[in-house]
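Asker: In terms of our numbering, the sequence shown is numbered consecutively and its last residue is 109.
Ideal placement from N, C-alpha and C gives every residue a C-beta, glycine not left out.
Being a predicted model, the structure only gives us computed values, none of them experimental.
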Amino acid sequence: NAPVREISCVRRELTNTPLQAFVMMNDPQFVEASRKLAQRAMKEGQTNTERINIIATSLLARSVSNDELKVIQHTYDRAKEKFTSEPETAEKLIHVGDSKPDPSLPAPELAAWTIIANQILNMDETLNK
C-alpha cells in the first residue's frame, strides 16, 4: 500500500496477505531459489546448525536465535523423515524450476533443506526488512 500524495507518511504500512505467503511457498521461482540456497548450504556447512545459519545469514543478514534454531531444526527433522519415506515426493520438489538439482546431493536431504530455505525466505523479517 502506498500513501496518497496529499498527506505525508513517515512509514508505509506493512501488508502481508495469505496470498503472498502462498506464492512465496509455491511459485516455481521461489522454490527453485530455495533449492539453490539449500544446495549451497549443504556444500558449505558441515552441521545442521551451520547450514541453517548459512541460509539465515544469506536471507536475514544474521544468525538465528536459539528459539528459532529449535523450530527450524524440528521442521528439518520432520521434512527429512517425510522425504526419506517418500523419495518420489523429494524428487518432484527438487526438480521444480529450470535449473537441475545437484546430483551429488541426496534428494531427500536436499528436499528437506529446500523446505528450510523456503521457510526462512517466507519470514516476515525477510520480506519486509
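1) Between the region 43 to 55 and the region 12 to 24, are three or more C-beta pairs nearer than 8 Å?
2) Let me make sure I understand the geometry here. Which of 10, 103, 58 has the alpha-carbon closest to that of residue 79?
3) Where does residue 102 sit, in a helix, a strand or coil, going by DSSP?
4) I want to know whether the region 71 to 78 touches the region 25 to 38 - three or more CB-CB distances under 8 Å.
5) So, using beta-carbon positions, are residue 34 and residue 44 closer together than 8 Å?
Answerer: Let's see:
1) no
2) 10
3) coil
4) no
5) no
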